[in-house]
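Visitor:
Residue numbers (the numbering used here): 61 to 409.
1) Whose C-beta lies closer than 7 Å to the C-beta of residue 295 among residues of the same chain, with five residues either side of it excluded?
2) So, with DSSP's three-state summary, where would you put residue 320?
3) Can you give the beta carbon distance from residue 280 to residue 359, rounded, assuming they're within the 8 Å contact cut?
4) Could you compute how far the alpha carbon of residue 236 sits from the alpha carbon of residue 328?
5) Rounded to the nearest angstrom, what separates residue 88 and residue 254 at their Cα positions?
6) In angstroms with no decimal places, state the Cα-to-Cα distance between residue 388 and residue 178.
7) Between 138, 325, 132, 181, which lies nearest to residue 305 when the distance is taken from Cα to Cα?
8) Across which residues does DSSP place residue 162 in a beta bridge pair?
9) May I ask you to report which of helix, strand or coil DSSP gives residue 109?
10) With DSSP collapsed to three states, give me the class of residue 335.
11) For a quick check, are the C-beta atoms of residue 274 and residue 285 less than 8 Å apart?
12) Distance, Cα to Cα, residue 120 vs residue 69?
13) Take residue 232 and list the residues in its own chain whose beta-carbon comes closer than 8 Å to its own, dropping the five residues that flank it on each side.
14) Counting C-beta neighbours from all protein chains within 10 Å, is the total for residue 343 16 or more, i.e. buried, or is it exposed?
15) Under three-state DSSP, which class holds residue 400?
16) Hey, residue 399 and residue 185: beta-carbon distance below 8 Å or not?
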C-alpha cells in the first residue's frame, strides 16, 4: 500500500507498507522533509512495523514520537503527518493529480442560488456526473449567509440588514455568519471526492484543501497562513474563513469567503457580533476583525480571482468548465423547495 500527504505549508510525506495478519509490515517512510539524526528514519520504520492496521492517527503519531532518538529534529513534517500518510495508504486515498479538475466562473446568480448550487454540484461529483470542481461565486445582491446551526435572531440585526440591503440565507455547512456584500468578497467552493481527504481529520482537511489558495495569496504579496480550525489570516488581520460538509454520498463541499473590501462599521450594524465572539481575537473592536485583500495586494477583485484560478490550474492541471443546464434546473428546484423557505431559514430561530 502507498500513501502520500503534503503537509500544508510543509513537506511531502510518503509511506509504503503491507498489511499481514492485521498488522503493518515492511513499512518504509520517505519524503522531501528534513530529519536529524539519520538513524531517526530507521527508528521510525522499526516502530511502525507491527502496529495494528486499525491504529488511528494519534496512536501512530504517539508511537513515532516515542521512537525518536533524544534531540531528534523534524522539519517540514511531524509524527502526526506520518500518521495521516499511513491512514491515507490504508484507506486507498487519492491525490489532487489523480483527477481531472474543472474551474467554473459563471455569470452572477442570487446568493440563495449559490447555496443550492453548492448542494447540487457536490452531489454531481459524488455520483461521477461531474469532475471535481473549483467554482468562484459572482452575485448582484448582498446577503448575510449564516451557518447551518446558527440562530437567525442571535446572528443578524434585522433593522441593520434591511437598512443596508442584506437578505439573510442559511447554508448547509456549519460555522459562522458571513456578511457577503456584492463586489466586496471573494468566495469559492470546492467539490471533491471524499477519497481526496481519506485518512485526514476535519482539521487536517481544511488546511489541505486550501493550501493552493494560501500559496496564491502569498504570490500576491500577502503573508497568508491557516489558523485552525478554519481561518485564513495574515499578520495584518483575518482575511476569511472556511466551512465544510461531507455528504454521505461520497463527496465533500468545502467553501471559503475572503474579504476584499469590507466595511467594518457596516458589519457591526448588520451582524450581532458580541464581545465574547471577539474576545479570543486579541482585539478591541469587531470592526477590525476582517482585513480586506485590497489593502494588502493593490489588485482589483477580478485580478485576484484570475491569479487564484491560475494558481489552481498550474498546481493541479485544471481546465475551464461550466454549470450545466440540468444542474441549474436542479438548483432552482432546491431554491423553491428548501433554501428560500421560512422552514429552512428559521430551522434555528
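Beta carbons: idealized from backbone N, C-alpha and C, even for Gly.
Guide: This is what the structure holds:
1) Here residue 295 refers to the residue found at position 235 of the chain shown. The residues are 283.
2) Walking along the chain shown from the start, residue 320 turns up at place 260. Coil, per DSSP.
3) Start at 1 with the first residue of the chain shown, and residue 280 comes out as number 220. Start at 1 with the first residue of the chain shown, and residue 359 comes out as number 299. The Cβ separation is near 7 Å, so the contact holds.
4) Numbered from its first residue, the chain shown carries residue 236 at position 176. Numbered from its first residue, the chain shown carries residue 328 at position 268. Distance between the alpha carbons of residue 236 and residue 328: 14 Å.
5) Here the question's residue 88 lines up with position 28 in the chain shown. Here the question's residue 254 lines up with position 194 in the chain shown. Computed Cα separation, rounded: 26 Å.
6) Translated into positions along the chain shown, residue 388 becomes position 328. Translated into positions along the chain shown, residue 178 becomes position 118. Each residue's alpha carbon lies about 11 Å from the other.
7) Working through the chain shown from its first residue, we reach residue 305 at position 245. Per the Cα distances, 181.
8) Locating residue 162 in the chain shown gives position 102, counting from the first residue. Partner residues in the beta bridge of residue 162, as assigned by DSSP, are 193, 379.
9) Counted from its first residue, the chain shown places residue 109 at position 49. Reduced to three states, the DSSP call for residue 109 is coil.
10) Translated into the one-based positions of the chain shown, residue 335 becomes position 275. Its pLDDT being 45, under 50, residue 335 is placed unreliably in this model, and the value from its coordinates should be taken loosely. Three-state DSSP puts residue 335 in a helix.
11) The residue labelled residue 274 in the question sits at position 214 within the chain shown. The residue labelled residue 285 in the question sits at position 225 within the chain shown. Contact: yes.
12) Your numbering for residue 120 matches position 60 in the chain shown. Your numbering for residue 69 matches position 9 in the chain shown. Across the structure, residue 120 and residue 69 are spaced so that their CA atoms are roughly 22 Å apart.
13) For this step, residue 232 is matched to residue 172 along the chain shown. Excluding positions up to five away in sequence, the list reads 175, 178, 179, 208, 305, 313.
14) By one-based count along the chain shown, residue 343 stands at place 283. Note that residue 343 scores 46 on pLDDT, short of 50, meaning its location in the model is unreliable; the coordinates nonetheless yield the value given after this. That one is exposed.
15) Indexing the chain shown from 1 puts residue 400 at position 340. Coil, per DSSP.
16) Walking along the chain shown from the start, residue 399 turns up at place 339. Walking along the chain shown from the start, residue 185 turns up at place 125. Against a cut-off of 8 Å, the Cβ pair of residue 185 and residue 399 comes out as no contact.
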